[in-house]
Every structure is written in structure tokens, then in C-alpha cells.
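>
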Amino acid sequence: MVDSGLQLMSAPSDPDDVSLRVLSAWFCPYCDQVRIAFLHRQLPHHVIEALRWPEDDPAKSNMPYEKSEELLRHSPAGLVPTIVSSDGVHAISEMIPAIEFADDFSCPGPKLMPADPWEKARARTTADWIQRRVCGAFFETLMPGDAERQSAAFKQIVESLEHFGNGCVGPYFSGRHLGLPDAVLFPFASRIIYVIPHYRGEDYALPHSPSLAKFWAWYDAVQQEPAVIATILSEENLISSYLRYADGSACTKVADAIRDGESAHDAAAGSIT
Ligand SMILES: N[C@@H](CCC(=O)N[C@@H](CS)C(=O)NCC(=O)O)C(=O)O
Numbered sequence: 216m217v218d219s220g221l222q223l224m225s226a227p228s229d230p231d232d233v234s235l236r237v238l239s240a241w242f243c244p245y246c247d248q249v250r251i252a253f254l255h256r257q258l259p260h261h262v263i264e265a266l267r268w269p270e271d272d273p274a275k276s277n278m279p280y281e282k283s284e285e286l287l288r289h290s291p292a293g294l295v296p297t298i299v300s301s302d303g304v305h306a307i308s309e310m311i312p313a314i315e316f317a318d319d320f321s322c323p324g325p326k327l328m329p330a331d332p333w334e335k336a337r338a339r340t341t342a343d344w345i346q347r348r349v350c351g352a353f354f355e356t357l358m359p360g361d362a363e364r365q366s367a368a369f370k371q372i373v374e375s376l377e378h379f380g381n382g383c384v385g386p387y388f389s390g391r392h393l394g395l396p397d398a399v400l401f402p403f404a405s406r407i408i409y410v411i412p413h414y415r416g417e418d419y420a421l422p423h424s425p426s427l428a429k430f431w432a433w434y435d436a437v438q439q440e441p442a443v444i445a446t447i448l449s450e451e452n453l454i455s456s457y458l459r460y461a462d463g464s465a466c467t468k469v470a471d472a473i474r475d476g477e478s479a480h481d482a483a484a485g486s487i488t
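Numbering (my numbering), first residue to last: 216 to 488.
1. When the Cα atoms are used, what is the spatial distance from residue 297 to residue 423?
2. Would you mind reading off the limits of the beta strand (DSSP E) that contains residue 297?
3. Measuring from the CB of residue 461, is there a heavy atom of ligand 1 at a distance below 7 Å?
4. So, for residue 263: in the same chain, excluding its five sequence neighbours on each side, which residues have a beta-carbon less than 6 Å away from its beta-carbon?
5. Is it a yes or a no for the region 340 to 347 touching the region 321 to 329, going by three-plus beta-carbon pairs under 8 Å?
6. My assumption, with CB atoms under 8 Å, is that residue 349 sits in contact with residue 403. Please give the rounded CB distance.
7. Reducing DSSP to helix, strand and coil, say where residue 395 ends up.
8. Would you call residue 459 buried or exposed, if buried means 16 or more other Cβ atoms sit within 10 Å of its Cβ?
9. Per DSSP, residue 282 is paired with what?
10. Going by C-alpha to C-alpha distance, which of 268, 315 and 377 sits closest to residue 279?
11. Output the distance between the C-alpha atoms of residue 234 and residue 292, rounded to the nearest integer angstrom.
12. Going by beta carbon distance, what residues of the same chain come within less than 7 Å of residue 430, once the five residues before and after it are set aside?
13. Can you tell me which residues form a DSSP beta bridge with residue 390?
14. Quick check on residue 372: does DSSP put it in helix, strand or coil?
15. Return helix, strand or coil for residue 447, following the three-state DSSP convention.
16. Give the secondary structure of residue 237 by DSSP, where H, G and I count as helix, E and B as strand, and everything else as coil.
17. Could you compute how far the alpha carbon of residue 435 sits from the alpha carbon of residue 246?
18. Per the contact definition of three or more C-beta pairs closer than 8 Å, is the region 352 to 359 in contact with the region 459 to 474?
19. Compute the Euclidean distance between the alpha carbons of residue 294 and residue 284, then round it to the nearest angstrom.
20. Could you tell me whether any non-hydrogen atom of ligand 1 is closer than 7 Å to the CB of residue 383?
21. By DSSP, does residue 260 sit in helix, in strand, or in coil?
22. The alpha helix (DSSP H) spanning residue 489 covers which residue range?
23. Can you give the Cα-Cα distance for residue 413 and residue 353, rounded to whole angstroms?
24. Within 10 angstroms of the Cβ of residue 318, are there 16 or more other Cβ atoms? Answer buried if so, exposed if not.
25. Considering only the alpha carbon of each residue, which of 471, 364, 449 and 480 lies closest to residue 241?
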């Protein structure tokens, strides 16, 4: 369990500290996507736990999230990650724009977007595509109810990972440097690999088939990156954090959408402040 320190949310920060405030939840894959980018770019930031389950207990994720006042002020939908400037004037509450924003800063770490405009556009398109095809399908595969929907969602994941692997220049999506699609896929790839078969059984284990060989080579490479390593949760924490999705009782926007037969991706769409 993690001490989320929600009570500290409104604590005044040092006026000389210009670090960005990354309003987060320790279990959230979308927060990991942004943290990978910020760590890789060495962009000064504070990770602030702004959303949690009651008592930070994964077993209580069948109850509504507790959200900090700061999060609700900057993200009307109450979604993490939300990035807030040190003076509290600006905020971004959507993961892909937050990662692109990190690339526009002058900081010591390597950029995530390729210099070549064509490759940059391919990377951007692929990141959006992963968000639509893989992230939502992860939740649809995990939640019980409609076996046909679960199996179709898992098939979509496998086909998407094959397609992604075949599109990788290698070792990463755009070549030798970690990029936007790598940061977007990794947190969901690790959850697909560990969480889904734990709850749905071996039929839902991602196969080590020849058609996925390039995906697995990508996965092996990307998990060696220091910025990625820093975000990896233990298998136990990964699994416990999806307990209530797996038994169908999770109380989140995404879980509500899936129970209503709607799109998980649309449910997690950010809001404009
Ligand atoms: N489209 C958002 C997705 C973020 C998201 O769904 N975050 C979840 C936590 S993993 C959340 O904040 N849920 C709040 C809720 O369900 O009320 C992004 O790209 O950042």
C-alpha cells in the first residue's frame, strides 16, 4: 500500500520551485505513460498522489475514488494524470498532449518525438491508435459480463500488438531512441502480460508466437530503459490494483462505460478546462 498523502494536496509550494505538478495515482497506467516521458526528458516535476481508493486499499475500488481539491479544480472530470504549472495557472489533463508538451521544453534528456516530420507524424498517429485500440480493450478484456466482448477485445489486443511490432524500426518504434508510442504502450503492455491471464486464465495469456516476435523484442528492449524501470510496479501491486475491474465491481468512469456497453476509450477522454 502507498501513502498517497492526499491531505497535502493544497500545501503551498516553494515559490522558487518551478517544477511541474503531476497529479497522479500510483496504480494508473496513464500516469506511468507521462512519468516515463518526464523522467526520460529529465523534466523537473513532483508526482503528487491526487486520486485514490478509500484508505488507498485496492479492495475498496468498488467505492468511488477520493479526489483532491487541486485535481478537481484543474480537471473537471477528475482524471489523472493532470499536469499543473508551479504557479497553478496552466493545466493539461490528457496524457498524449502532456507528453508532447514535455518535448517542447528545453531539458537535458533526449526528445521523444523524432526530428523527421514524416516519422514524427507516424509516431503521433501510432500513439493515438494504441490509445484507441489497446488501452480500452485492456479494460474490456478484464471486466466480466459479456464473454464475446471480452474475447473480441483480447483478439483486438493481440492483432494490435502484432501490427505495432511489425511497424517497429527496432529496438523501439522509431529506431534507437525511446519515443511517444513506446511510452504510451509500455504501461498497458505490462498490464496485459501480467494482469489479464491472472484473472482471465491462460487462454488470455499473450502468446510467444512468431507473429508476436517483434513485439516481444520491443518489450524486452523497452523495459531496460531507466525511465521505464522507474515506473514499473511489482506484479503483486499490478494484480491487486485490478481486483475490482476483474470482479466487475470497479467504480470508475471506464468501468461504468463497459458495464453500459459503451466505449472505454471515450469514457477516459479528458476534459477541456
Ligand atoms: N484519457 C485520459 C485517461 C486518464 C484516466 O482514465 N485516468 C483514470 C485513472 S487510471 C482516472 O482518472 N479515472 C477517474 C475516474 O474514473 O473517476 C488520458 O489520456 O490521460
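No residue lacks a Cβ here, since even glycine has one placed at the ideal position from N, Cα and C.
Let me spell this out:
1. Spanning the alpha carbons of residue 297 and residue 423 requires a straight line of approximately 36 Å.
2. 297 to 299
3. no
4. 236 and 238
5. no
6. About 5 Å separates the beta carbons of residue 349 and residue 403, which is inside the 8 Å limit, making them a contact pair.
7. helix
8. Buried.
9. 266
10. 268
11. 24 Å
12. 376, 377, 379 and 380
13. 387
14. helix
15. coil
16. strand
17. 21 Å
18. yes
19. Distance between the alpha carbons of residue 294 and residue 284: 12 Å.
20. no
21. strand
22. The first residue shown for the chain is 216 and the last is 488, placing residue 489 beyond what the model contains.
23. One C-alpha to the other measures close to 13 Å.
24. buried
25. 449
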